[in-house]
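See below for the structure under consideration.
Residue numbers (full-length UniProt numbering): 1 to 345.
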């Protein structure tokens, strides 16, 4: 339920994908990259999301080296049957990790695709994955081969739909020529809008939905990140350019401008930022489902409140004047990770 007690609305995920809740729950932070998380609170948050009508749970087999999939397994096993049956899993694969937690590349070979899927099915405790996608394009394997392998998993009944992640317009076309693509998962927020030029129009043309992650830019535009906050040593944001030095201060200046608009409307900064992404579905002509990375029930409740907000043309114009496209300081990933983004080429 939303804050007004209405059920969470649903949206089709492209022309070939499933119908899902208008907000999905990104579960990565419950296992990795944002410092320590509370396992019991994480499970309780997933339960609260399912109870509210959130159906889409997004994960990756490399989030905590399988920890996140096992966490979702636990949450689904202990959820009421009705909620469990409505849950849809979106799984990313392909990232290669070290024992110490480093990333060493991506593997999109057909044999590897099927190997990754076998392990995910075991950890999730299910007989199928609803949406399966490689996290980043493997530069050594044509996307046609990777997508073809997932298509074989669909034919075998192990996967229901094929997704993509962080790919550019040309790769999107090549993949869609092999098999139906339900959605493209890609970063999209008020301060990450580069996809609007080519990628979103291509997705619209091909009937491919968008699951937008980073809608709060990893908490940067949530309204909760303070200028003097100290990050844990295992928090990814400690090496993210947008959270460094003067970049951080300039980006939080943008948040202060957004805060003034949010307060005038009687809502929070996070709700305003999420509502802006929700509003882009109608403006861009493609179904967009924001993924919210809530790790706690209070943050989940705040995010769900965005579904009750209506932004009219004047509101949208004021928001975009306060936070213009391209206004963010710093890249969204360190240079070594930006190099893996087909979407940025």
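The beta-carbon is built from N, C-alpha and C at its ideal position, and this holds for glycine as well.
(1) What does the alpha-carbon distance come out to for the pair residue 341 and residue 99?
(2) Here's the rule I'm using: 16 or more other beta-carbon atoms within 10 Å means buried, otherwise exposed. How should residue 242 be labelled?
(3) Is it buried or exposed, residue 293, if we count other Cβ atoms within 10 angstroms and call 16 or more buried?
(4) With DSSP collapsed to three states, give me the class of residue 244.
(5) Just tell me which of 264, 245 and 300 has its CA closest to the CA of residue 311.
(6) Name the one or two DSSP bridge partners that residue 162 has.
(7) Give me the DSSP bridge partner(s) of residue 59.
(8) Along the alpha helix (DSSP H) that carries residue 119, what are the first and last residues, could you check?
(9) Would you list the one or two residues that DSSP bridges to residue 344?
(10) Using C-beta distances below 7 Å, list every residue in its chain close to residue 29, excluding the 5 sequence neighbours before and after it, in chain order.
(11) Touch check for the stretch 52-64 and the stretch 86-96: three-plus C-beta pairs under 8 Å?
(12) Considering only residues of the stretch 187-231, which uninterrupted alpha helix (DSSP H) runs meet the minimum length of 4 residues and lie entirely inside it, listed in chain order?
(13) Please work out which residues of its chain come closer than 8 Å, Cβ to Cβ, to residue 60, disregarding the five sequence neighbours upstream and downstream, and give them in chain order.
(14) In its own chain, which residues sit with a C-beta less than 7 Å from the C-beta of residue 21, not counting the 5 before and 5 after it?
(15) CB-CB under 7 Å to residue 51, same chain, minus the five flanking residues each way: which ones, in chain order?
(16) Use the C-beta contact count for residue 275: other C-beta atoms within 10 angstroms, 16 or more gives buried, fewer gives exposed.
(17) Tell me, to the nearest whole angstrom, how far the beta carbon of residue 42 is from that of residue 64; I am working on the premise that it is less than 8 Å.
(18) Taking just the CA atoms, how far does residue 140 sit from residue 302?
(19) Using only the alpha-carbon positions, how far apart do residue 261 and residue 123 sit?
According to the structure data:
(1) 23 Å
(2) buried
(3) buried
(4) coil
(5) 264
(6) 132
(7) 91
(8) 110-124
(9) Beta-bridge pairing links residue 344 to no other residue.
(10) 37, 293 and 295
(11) yes
(12) 199-206
(13) 28, 68, 91, 92, 93, 95 and 135
(14) 8, 10, 53, 54, 55 and 56
(15) 83
(16) buried
(17) Not confirmed; about 11 Å, so no contact.
(18) 42 Å
(19) 44 Å
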